[in-house]
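Enquirer: Next up is a structure, given as C-alpha cells.
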Amino acid sequence: MRILRIATAVFLLAGLGLAVFSSANSGQVARGVRVGDLSFGELTRNEASALLGARIDRFSAASFIFTSEANSIGATPAELGLTIDAKETLAAIWQAGHNPNPLRALIEQVELFLKPRRIRVAYRLNELTLAHFLKEHFGDLERAVREPALTWRGDTLAITPGQNGLVIDRTKLKTQLADATEQLQSSHPPFNVSLVSRAPATTGTQLARVQTDAYRILATAPFRFSVDGRVLAITTDVLKPWLTLTAPDERLEPDAVRGFLADLAPSVHRDPSQAYLAEQNGILTEATPSRNGADLLIEENVPRITRHILETNTEVLSLLVANKSAAVSLERLRELGITALLGRGETDFNGSTPARSHNIKVAAERYNGLLVEAGATFSFNETIGPIDATTGYHIALVIKNGKTVPEYGGGVCQVSTTMFRAAAKAGLEILKRFPHAYPVRYYGTPQGFDATIYPGGPDLVFRNDTNAPILIQTRVEGTNLTIDFFGAPDGREVTIDGPYEFEKNPDGSLKAKITQIVSRNGELIGKKTFWSNYKSPALYPVERNPLE
227 MRILRIATAV
237 FLLAGLGLAV
247 FSSANSGQVA
257 RGVRVGDLSF
267 GELTRNEASA
277 LLGARIDRFS
287 AASFIFTSEA
297 NSIGATPAEL
307 GLTIDAKETL
317 AAIWQAGHNP
327 NPLRALIEQV
337 ELFLKPRRIR
347 VAYRLNELTL
357 AHFLKEHFGD
367 LERAVREPAL
377 TWRGDTLAIT
387 PGQNGLVIDR
397 TKLKTQLADA
407 TEQLQSSHPP
417 FNVSLVSRAP
427 ATTGTQLARV
437 QTDAYRILAT
447 APFRFSVDGR
457 VLAITTDVLK
467 PWLTLTAPDE
477 RLEPDAVRGF
487 LADLAPSVHR
497 DPSQAYLAEQ
507 NGILTEATPS
517 RNGADLLIEE
527 NVPRITRHIL
537 ETNTEVLSLL
547 VANKSAAVSL
557 ERLRELGITA
567 LLGRGETDFN
577 GSTPARSHNI
587 KVAAERYNGL
597 LVEAGATFSF
607 NETIGPIDAT
617 TGYHIALVIK
627 NGKTVPEYGG
637 GVCQVSTTMF
647 RAAAKAGLEI
657 LKRFPHAYPV
667 RYYGTPQGFD
677 ATIYPGGPDL
687 VFRNDTNAPI
697 LIQTRVEGTN
707 LTIDFFGAPD
717 GREVTIDGPY
727 EFEKNPDGSL
737 KAKITQIVSR
747 NGELIGKKTF
757 WSNYKSPALY
767 PVERNPLE
C-alpha cells in the first residue's frame, strides 16, 4: 500500500511538473530553439521576429569573400542571388515544440530542452545570378572541354584527340554558401574558388565505332533520293562532311543534312497558282488551270535521310514534300456553287506613270482569288490593308486635301473603280460609293462610273446579296485591268443606264449620273442612281515630289 502511495505521488508530481513545463512554453518559442548562434527560446513571436529580422539585415549587408590565386572579390548575398525567406523561417522557429497534438508538443518541448535544435534558415538561390557572378570574376580560370572529333584527311577519317577541361567547382561553392546562409553567418572565412577537371563527353571508343560505320557507308555510296520528279545522288564528296562527328550518338551530323536540304528547298518550292476562269457558252471553264504549291519538309526529312544512309539502303528514297492546294480550282468552285460569271468591270490605264501602273498591279493582286461569302459585306479599304512602302507600293499622284499630291499608292482608285463596275453589273447592293473630286481621264468618257477610296476616308462597300460565295478575279493585260465576279446566278437581270454627263463647264467641272437597275422575271427588285459632282481640275493643283 505504501509503495502505491509513493508511486502515485511521484506520478502526480511528474504530471504537475510537465504541465508547468508546458505552460511555461505557452505563447513563446520553445526552450532550446536556435538559429545559428542565436537562442530564440522563451521569446514571444514579436520578439523572435525582431531578433530574426535584425540578424537577417546584418547578414544581408555583409559580403562573402571569394578568392583564387589571381583574384579576390567580395559580394553581398543579393549580388550572389541569395534571398532569405524571413516569414518561412519564423514559422519554422515557432512550430518547433508547438505541435497541434498536446502530447506530441509536450514530448517535443522536453526533447528540445534536453537537446537544443538549430533551425535552418529558409532561402532561395538564383542559379543564373550566381553563375553570372562566377563567370564575370573567375571565368578566365576555366578551360573549355575539347571533344575528340573525326576529320577527313584525303580518304582517311582520322580521330583528333580531345582534351579535358577545367571548370569551377560550383557544387562545393553552393554547399558552402548553403551552410553559411542556413546559419546566418555574417562573417565567414573566404571561399576558395577551386577547379575540377571535366572529361569530354565523347570517348575514343565511340569515335572508332563511328569511324568503322563511316567507311561502310562510303563504300555503299552514292545514295539516291527523289523529289519533284528528279532523282538526286548523294556522292561520297557530299557525304564526308556528314560523317565528321562530335556527337557520335547521332551518327550523321544533323546540321549538315539540314543544310543540304535547305540548299535543295528553293528548287522544290512552288507557290500555288489559282485557276483563271472563263465563261464559254454559259459554262464556266479554266482558261488557265490551277496548280498546287509545294515545299520541301526539311525537319521531317532529316531523320529519314539519316536512317536511309545508316542502313546503307540502296533503294531510291522519296523525300517528303508539303503540297498546298490552290485556293481557286474549278472543282472547289463547283463545290461552293460558283458556276457562272455575274459581272465584269474593265478599265484602261494607258498613259499612267510606271509608279502608278505598278501600284495598280499590286492592289489588283491583293483582291485576286478573294471569296466574299453569301450575305457578307465587302469593304475595299478593310481588305486592302496598309498602303505604304512595306506593302510594295510606290509614290504616285493622289487627290488629297484639295490638292493632287505624290503619295504611296497613287493609282489604287483604278482598282476600286473597276471593282465598282463589276459589282454594279453583277447586280449587287452597293452600300457606299464616292466619286472623285474632279474628272480623271483614266476612267474614260462619259464620266460617272468611277469610285474613289482613301484609307480612313471614302470607301467602296457592297453586299453579296446572293445565295452563294462570290469569287473575285483580277487580271492585268498591258494597260487593261479586268475584274470578274463569279458566283451562282439567281435569275436577276441587270441593266446599267448611263453614265450621262450634264452641266458641263469650260473649266472642266461637270455632273454625271449612272443608274443600276436589277430585275427578276420581269419584276423590278432594285434601282439605284449614283450621282457625281466633279469640280474643275484647276482647283486641285499638282504638287510634284521634290525628290523626282
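Just so you know, we're using the working numbering here: the sequence shown kicks off at 227 and counts up by one.
A virtual CB, placed ideally from N, CA and C, is assigned to each residue, including glycine.
On a predicted model such as this, the values are computed, not experimentally measured, just so you know.
(1) Quick one: Cα of residue 320 to Cα of residue 408, how far?
(2) My output table needs one value for residue 710: the three-state DSSP class, helix, strand or coil.
(3) Please look up how many angstroms separate the CB atoms of residue 632 and residue 621, rounded, as I've assumed it's under 8 angstroms.
(4) Could you give the residue range of the beta strand (DSSP E) that holds residue 303?
(5) Take every Cβ of the region 708 to 720, pair it with every Cβ of the region 677 to 685, and state whether three or more of those distances are shorter than 8 angstroms.
(6) Going by DSSP, which residues form a beta bridge with residue 361?
(7) Which same chain residues end up closer than 6 angstroms to residue 480 when comparing Cβ atoms and leaving out the 5 residues on each side of it in sequence?
(8) Could you have a look at residue 419 and say whether DSSP puts it in helix, strand or coil?
(9) For the region 448 to 461 against the region 320 to 338, do three or more pairs of beta-carbon atoms, one drawn from each stretch, fall closer than 8 angstroms, so that the two count as touching?
(10) Quick check on the DSSP output: the alpha helix (DSSP H) that includes residue 593 runs from which residue to which?
(11) Output the boundary residues of the alpha helix (DSSP H) element that contains residue 465.
(12) Relative to the alpha-carbon of residue 462, which residue among 419, 542, 380, 387 has its alpha-carbon at the smallest distance?
(13) Can you tell me whether residue 613 is helix, strand or coil according to DSSP?
(14) Based on DSSP bridge pairs, tell me the residues matched to residue 398.
(15) For residue 483, count the other beta carbons within 10 Å of its own beta carbon; 16 or more makes it buried, fewer makes it exposed. Which is it?
(16) DSSP has residue 571 in a bridge; who is on the other side?
(17) Rank 668, 597, 522, 489 by C-alpha distance to the C-alpha of residue 562 and give the top, closest one.
(18) Are residue 478 and residue 383 closer than 8 angstroms when you measure CB to CB?
(19) DSSP three-state label for residue 437, please.
(20) Just confirm the distance between the C-beta atoms of residue 550 and residue 519, as a whole number of angstroms; I'd bet it's less than 8 angstroms.
(21) Tell me which residue opens and which closes the beta strand (DSSP E) that residue 759 is part of.
(22) How big is the Cα-Cα spacing for residue 395 and residue 292?
(23) Using the Cβ count rule (16 or more neighbours within 10 Å means buried), how would you classify residue 258?
(24) Which value, in whole angstroms, describes the spacing of the CA atoms of residue 629 and residue 731?
(25) Check each candidate in 581, 612, 564, 766 and name the one with the smallest Cα separation from residue 698.
(26) May I have the straight-line CA-CA distance separating residue 689 from residue 571, to the nearest angstrom?
(27) Pull up the DSSP beta-bridge partners for residue 738, would you.
(28) When we look at the beta-carbon of residue 654 and count the other beta-carbons within 10 Å, is it buried (16 or more) or exposed?
(29) At what residue ranges does the region 627 to 706 contain a whole run of the alpha helix (DSSP H), taking only runs of 4 or more?
(30) To which residues of the same chain is residue 755 closer than 6 angstroms at the C-beta, ignoring the five residues directly before and after it?
(31) Considering only C-alpha positions, which residue in the set 701, 659, 766 is nearest to residue 757?
(32) Quick one: give me the first and last residue of the beta strand (DSSP E) that residue 449 is part of.
(33) What is the DSSP secondary structure of residue 532, reduced to helix, strand or coil?
(34) Taking a contact to mean a Cβ-Cβ separation below 8 angstroms, would you say residue 322 touches residue 274 in this structure?
Expert: Working from what's here:
(1) Looking at the two C-alpha atoms, the distance is approximately 17 angstroms.
(2) Here residue 710 sits in strand by DSSP.
(3) That pair is a contact at about 5 angstroms.
(4) Neither: residue 303 is in no beta strand (DSSP E) and is coded neither H nor E.
(5) The region 708 to 720 makes no contact with the region 677 to 685: fewer than 3 CB pairs, one atom from each, lie closer than 8 angstroms.
(6) Beta-bridge partners of residue 361 (DSSP): none assigned.
(7) Apart from sequence neighbours up to five positions away, the residues of its chain that approach residue 480 with a beta-carbon distance below 6 angstroms are 528, ordered along the chain.
(8) Three-state result, residue 419: coil.
(9) No, because fewer than three Cβ pairs between the region 448 to 461 and the region 320 to 338 fall closer than 8 angstroms, the two stretches do not touch.
(10) Residue 593 -> alpha helix (DSSP H) spans 580 to 593.
(11) Boundaries of the alpha helix (DSSP H) harbouring residue 465: 462 to 468, taken from the DSSP string.
(12) Checked all of 419, 542, 380, 387; the closest Cα to residue 462 is 380.
(13) It is coil, neither helix nor strand.
(14) For residue 398, which the question treats as bridged, DSSP gives no partner whatsoever.
(15) Buried: at least 16 other Cβ atoms inside 10 Å.
(16) Under DSSP, residue 571 forms a beta bridge with 709.
(17) If we check each option's Cα against that of residue 562, 597 comes out closest.
(18) The Cβ atoms of residue 478 and residue 383 lie no closer than 8 angstroms to each other.
(19) The three-state reading of DSSP puts residue 437 in helix, counting H, G and I together.
(20) Rounded to whole angstroms, the Cβ separation of residue 550 and residue 519 is 4 angstroms, and the two are in contact under 8 angstroms.
(21) Segment 749 to 760, the beta strand (DSSP E) holding residue 759.
(22) Spanning the two alpha carbons is a distance of roughly 13 angstroms.
(23) Residue 258 is buried by the Cβ-count criterion.
(24) C-alpha separation (whole angstroms): 20 angstroms.
(25) Residue 564 is the option with its Cα nearest to residue 698.
(26) Each residue's Cα considered, the two are about 17 angstroms apart.
(27) Looking at the DSSP output, residue 738 shares a beta bridge with 727, 758.
(28) Answer is buried; the Cβ neighbour count reaches 16.
(29) Within the region 627 to 706, the runs of alpha helix (DSSP H) that reach at least 4 residues and sit entirely inside it are, in chain order, 638 to 651.
(30) Sequence-distant Cβ neighbours of residue 755 in its own chain, meaning closer than 6 angstroms and more than five residues away, are 739, 741.
(31) Of the candidates 701, 659, 766, the one whose C-alpha sits nearest the C-alpha of residue 757 is 659.
(32) Residue 449 -> beta strand (DSSP E) spans 449 to 453.
(33) If DSSP states are grouped into helix, strand and coil, residue 532 belongs with the helices.
(34) Not in contact: residue 322 and residue 274 (Cβ atoms no closer than 8 angstroms).
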